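Novice:
Residue numbers (our numbering): 6 to 120.
1. Please state whether DSSP places residue 84 in a helix, a strand or coil.
2. Here's a check: name, in chain order, each residue in its chain whose Cβ is nearer than 7 Å to the Cβ of residue 111, leaving out the five neighbours to either side.
3. For residue 64, name the three-state secondary structure that DSSP assigns.
4. Just how far apart, CA to CA, sit residue 119 and residue 102?
5. Alpha carbons only, please: which of 55, 97, 113 is nearest the one belonging to residue 45?
6. May I ask which residues mark the beginning and end of the alpha helix (DSSP H) holding residue 50?
7. What residue range does the alpha helix (DSSP H) around residue 106 cover?
Laid out in structure tokens, this is it:
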């Protein structure tokens with residue numbers, strides 16, 4: 006028995022309508038591992054942003070050095086040498102404060118390599 010062709014067309018139309026609805030709603034899917042509130046935990050930011058260089062033999066190791074949180078915040082916002090500055094649209098002020106405290110308090114990680 007042959008399936009009616011209109012079913013495929015109807016399914017495509019429903020799928021397209023759903024995509025259009027979500028595209029126009031302004032909502033976006035949360036990044037994997039990030040909370041629904043939009044605030045990302047410091048570990049997530051470190052792994053996705055800082056850890057790309059720090060701890061992978063590009064930039065200096067940060068964890069376990071007990072760096073002052075205020076210094077970390079300054080360098081994140083203003084950059085230093087090869088390190089770029091990160092805008093508040095990239096790391097929010099509250100995320101940066103939490104990240105700086107987390108890095109400052111983090112124990113050394115023997116897996117990390119750096120200068």
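Cβ coordinates follow ideal geometry from the N, Cα and C atoms, glycine included. Model, not experiment: these values are computed from the prediction.
Specialist: Once the coordinates are examined:
1. The sequence position of residue 84 within the chain shown is 79, counting from 1. The answer is coil: DSSP assigns residue 84 none of H, G, I, E or B.
2. Position 106 of the chain shown, counting from 1, holds the residue named residue 111. Same-chain partners within the cutoff: 68, 69.
3. One-based indexing of the chain shown puts residue 64 at position 59. Strand.
4. Along the chain shown, one-based indexing puts residue 119 at 114. Along the chain shown, one-based indexing puts residue 102 at 97. Approximately 24 Å between the Cα atoms of the pair.
5. Within the chain shown, residue 45 is the residue found at index 40, counting from 1. Measuring from the Cα of residue 45, the nearest candidate turns out to be 97.
6. In the chain shown, residue 50 corresponds to position 45, counting from 1. Residues 47-53.
7. Translated into the one-based positions of the chain shown, residue 106 becomes position 101. Run containing residue 106: 98-110, per the alpha helix (DSSP H) assignment.
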